[in-house]
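Step one of this worksheet: look at the structure below.
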Amino acid sequence: MTAARVAGNVPLELTSFVGRRTELAETKQLLGASRLVTLTGIGGVGKTRLALRVAAETHRAFADGVWLIELGELHDTHRLAAATAGALGFDLTSTTCSLDDLVVLLRPLKLLLVLDNCEHLIAGIAAAADGLLRGCPHLKILATSREPLGLGGEVVLPVRPLTVPDPSRPCSIRGLPSYEAIMLFTERAGAAIPGFDVTEDNKDIVARICQRLDGLPLLIELAAARLRSMSPRQFLHRLSERHRLLTMGTRGAPARHQSLRACIDWSHDLCTPRERNVWGRLSVFAGVFDLGAAEAICAGELTPSELADAVTALVDKSILIPERSSGVVRYRLLETLRDYGREHLQESGDCQTQQRRHRDWFTQLALKADSDWHSPRQAEWIHCLDREYANLCAAMTFGMSDPSSAPFTLRIANALRRYWISRGLLNEGRHWLRHARACQIERPSRGHVTALSAEGLLAGLQGEITDFVALVAQARDCAARLADPVADRLVSNAEGQLALLSGDATSAAAHFEYTLDTSRRSERLDERLDERLDERLDERLEALLGLVVASGLCGHREQAIEYGEKVLRTEVLAETTYQARALTNVASVIWREEPARASELLNQGLRLSRHLNSPLVALACLDTAACLSGAANQSQRAAVLLGAARSLRQSMGCQGLNTHTEEELGEHRLRLVLGEHAFTKALHHGERLNFEKAVAYALDENTSRKRQANSCPDGGLTVRERQVANLVGHGLTNRAIAEKLVISQRTAQGHVEHILTKLGYTSRVQIAAWIADHDDDNKP
88 MTAARVAGNV
98 PLELTSFVGR
108 RTELAETKQL
118 LGASRLVTLT
128 GIGGVGKTRL
138 ALRVAAETHR
148 AFADGVWLIE
158 LGELHDTHRL
168 AAATAGALGF
178 DLTSTTCSLD
188 DLVVLLRPLK
198 LLLVLDNCEH
208 LIAGIAAAAD
218 GLLRGCPHLK
228 ILATSREPLG
238 LGGEVVLPVR
248 PLTVPDPSRP
258 CSIRGLPSYE
268 AIMLFTERAG
278 AAIPGFDVTE
288 DNKDIVARIC
298 QRLDGLPLLI
308 ELAAARLRSM
318 SPRQFLHRLS
328 ERHRLLTMGT
338 RGAPARHQSL
348 RACIDWSHDL
358 CTPRERNVWG
368 RLSVFAGVFD
378 LGAAEAICAG
388 ELTPSELADA
398 VTALVDKSIL
408 IPERSSGVVR
418 YRLLETLRDY
428 GREHLQESGD
438 CQTQQRRHRD
448 WFTQLALKAD
458 SDWHSPRQAE
468 WIHCLDREYA
478 NLCAAMTFGM
488 SDPSSAPFTL
498 RIANALRRYW
508 ISRGLLNEGR
518 HWLRHARACQ
528 IERPSRGHVT
538 ALSAEGLLAG
548 LQGEITDFVA
558 LVAQARDCAA
568 RLADPVADRL
578 VSNAEGQLAL
588 LSGDATSAAA
598 HFEYTLDTSR
608 RSERLDERLD
618 ERLDERLDER
628 LEALLGLVVA
638 SGLCGHREQA
648 IEYGEKVLRT
658 EVLAETTYQA
668 RALTNVASVI
678 WREEPARASE
688 LLNQGLRLSR
698 HLNSPLVALA
708 CLDTAACLSG
718 AANQSQRAAV
728 LLGAARSLRQ
738 SMGCQGLNTH
748 TEEELGEHRL
758 RLVLGEHAFT
768 KALHHGERLN
778 FEKAVAYALD
788 ENTSRKRQAN
798 SCPDGGLTVR
808 ERQVANLVGH
818 GLTNRAIAEK
828 LVISQRTAQG
838 HVEHILTKLG
848 YTSRVQIAAW
858 IADHDDDNKP
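Note that the numbering used here numbers the sequence shown so that position 244 is 331, with each residue one more than the last.
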């Protein structure tokens, strides 16, 4: 018996290898230090492709070759030894070859075995791998599996889906090449339809397709094949039928990769009945969730210990993806797996029960956030609601389809009203408040007044004053029928905001003063002070903040400052949106007379807006900062700030919030001072800044980073790497870069590799896009 003395049997690639630069480097590093490395992940995530690329790039380290052992079609672990021997070229039959025989044959050899698709025979393959590693000192194993082998010394590397654009942010055509899923879709679609490319017209559709497909390479390739018969837009519209749509795998692919359903069926079949049951129940979650939420969904059916075991097993099988942040592990299902689980849950007849449990859990979460809003924990709650927002929306959506759940939808929507305003989610808030009211119209309630008043304010912030008038009128009528003093004050505050946004500062001040006076009188008469403290604090704070602006507009500067300082002296308001708004409102009143103090207040407000993730507060800060810069003859800075404010205003649809007149903002004067070309250039620079970058610019943090550029360059690049990156951005090849910088071509190549690794990119196109965006951040 003699082995075939060739380098191995790893097949050549027929299509380009896209992305995975970080995982590729990490796997090679792990393989250098460990004898057993297992790549885990859900089916279709690209484990096999990554393993084969690693094998191809490390073959020189193995004198006796790199060998692929395909196990997907193996149905009996007793044939594993013979299959391995056959793949290596040993002339053995399945009846004569045992694991011991294989150990004897491989003991003197230095080689790498790639055991592909181990999950369906995990116990037997794990035992065989353990025997081989113990008996063959020069052997290494790179395994792919939907769950770890569970052996001592095993190093597990989870293979995540390809990167996709954030669905909450607008897509930039220059930034799209930095996302691996977009690159793969573009390449495979180009192969299916020669000449296909991502353009301004289709970029949002392509991004959405990749997001809906969870960045899974198999699904992206199946989707690209579909483009032979339909446009990207048509495909996106049909993605709700993804299990029937994604069925055109390549002929050479394994059966489980011929369609989406076959791929997920394979994973489902590997689960125990309890694991399948938990998978279905957890499919009611629309985003991340923690173990406490999962326990609420499975209450009465599984003990906490049994649930924890099932969740661990689903993580091991790559069904659930764990996400660690702030010392807490949360979980999520890819949309594809969630749809599959939901289908099985509906078949079980238990779907509504689970959705009601989900509704109850997230109603309580929203109410708790609302009751704790006036506290130093407000920032924590904002981040919590950001994280849980998809689930909160799912709970409200269920309430609109289930009559018994309608009151829950109204409670959640009202509890989120301040969150929507803080985050600048004006359209979102109006949508949910409108539908929440429509779900429960039997009789008027304080909840209806709250929803009408909040919806009206959101409309007013969008500049739709007619809608604001109509909604406030409905709220006033509803409050009058209730004879509820709390509802009356809610409407009074809304009427004050309406007057303020309509330009009637005198009427606004009267409404806000009425709210304050009646709230104080009510407090003296009400013995249940502790029960009403939170709602009274909210109505007073809103009235005081409104009075800062209204008094300032009426020319009562000292009175406006006094109102603002009352808010700032409220002890529970440390690091809340109320404190940020008070700082901003006072700055908007005093900027002409006390520019230094106004600037200090604005900087505090800007930092708080970033901490609280509140673009609405930042917008008011940017407007006043532009006024200050213009008055200080910093014309270019003023124009950039105007552009940043304009962009932020447009992104939120916030056309109604104008704290300064056109004369104060001074756009006409800036055009004259700078000239049309320079003004437009500075304005466009500001418009390109997102929320975080606009705040950084207003705080002069970008300038500070420039001063430190030589010692700590952006992206972690050295000065030389930044030079190379700039040249890559101008389209130079490695040879041209070497000639330009008088270095060797190999050195230039090394610099490019380091740049790609540091930035987490996979192509020179991505470097060029990064350079373009980086320059835009720093050059008006």
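We put the beta carbon where it would ideally sit given N, CA and C, even for glycine.
Drop a sphere of 10 angstroms on the beta-carbon of residue i, count the other beta-carbons inside from all chains shown, and report buried for 16 or more, exposed for fewer.
i: T748; result: exposed
i: S540; result: buried
i: M317; result: exposed
i: G336; result: Since pLDDT at G336 reaches only 47, below the 50 mark, its modelled position is unreliable, and no value is offered.
i: T135; result: buried
i: A482; result: buried
i: V673; result: buried
i: G152; result: buried
i: T286; result: exposed
i: A148; result: exposed
i: H817; result: exposed
i: V636; result: buried
i: T671; result: buried
i: A570; result: exposed
i: D403; result: buried
CB residue i to CB residue j, shorter than 7 Å?
i: L202; j: I228; result: yes
i: D377; j: R417; result: yes
i: A630; j: T602; result: yes
i: S509; j: S701; result: yes
i: A451; j: L497; result: Correcting the residue identity first, residue 451 is Gln in this sequence and not Ala. No, Cβ-Cβ distance for Q451 and L497 is not below 7 Å.
i: A669; j: I677; result: no
i: G550; j: G743; result: yes
i: K768; j: G803; result: no
i: L632; j: G511; result: no
i: H838; j: L624; result: no
i: V242; j: V132; result: no
i: T164; j: L208; result: yes
i: T605; j: R576; result: yes
i: T114; j: D301; result: no
i: V536; j: A566; result: yes
Within a Cβ cutoff of 6 Å, which residues of the same chain sit near residue i, ignoring the five residues on either side of it in sequence?
i: L545; result: L513, G516, R517
i: R822; result: Q832
i: L695; result: A667
i: C897; result: The structure shown does not extend to residue 897, since the chain is modelled only from 88 to 867, so the question has no answer here.
i: G753; result: G717
i: L326; result: R299
i: W448; result: A380, A383
i: S609; result: P572
Quick test of your reading: residue i and residue j, contact by CB under 8 Å. State the CB separation rounded to the nearest angstrom.
i: V654; j: L628; result: 6 Å
i: A731; j: G692; result: Between G692 and A731 the Cβ distance is about 15 Å, and since that is not below 8 Å, they are no contact.
i: A397; j: L389; result: 7 Å
i: R446; j: G486; result: 6 Å
Could you pull out every residue in the same chain whose Cβ sits closer than 7 Å to the Cβ of residue i, ignoring the five residues on either side in sequence?
i: E206; result: S232, R233, E234, L357
i: W366; result: C358, L401, I406, G428
i: P494; result: Q527
Between the Cα of residue i and the Cα atoms of the options, which residue gives the shortest distance?
i: L126; options: Q116, L137, G119; result: L137
i: H431; options: L454, L369, D403, D396; result: L369
i: N720; options: L761, P257, L99; result: L761
i: F766; options: L689, Q737, V727; result: V727
i: L155; options: G131, D187, N204; result: N204
i: P490; options: H535, Q439, R505; result: Q439
i: W468; options: L479, V402, K455; result: K455
i: F272; options: A783, I296, R256; result: I296
i: G106; options: L303, D253, V124; result: L303
i: L101; options: D591, R275, L244, A174; result: R275
i: L472; options: A174, S492, L503, R443; result: L503
i: H698; options: H470, D554, A150, Q723; result: H470
i: D29; options: E680, C258, P281, L757; result: This structure leaves residue 29 out entirely; the chain is present only between 88 and 867.
Report all residues from its chain with a CB closer than 8 Å to the CB of residue i; omit the five preceding and five following residues, and keep chain order.
i: L31; result: Because the chain is modelled from 88 through 867, residue 31 falls outside the range shown and cannot be assessed.
i: A661; result: P463
i: T60; result: For residue 60 there is no data in the structure shown, the boundaries of the chain being 88 and 867.
Examine the ligand SAM and report whether any of its heavy atoms sits within less than 6 Å of the Cβ of residue i.
i: E788; result: The ligand SAM is not part of the structure shown, which contains no ligands of any sort.
Quick one: is residue i near chain C, going by C-beta distance under 7 Å?
i: S103; result: Although the question refers to chain C, the structure presented lacks it and comprises just one protein chain.
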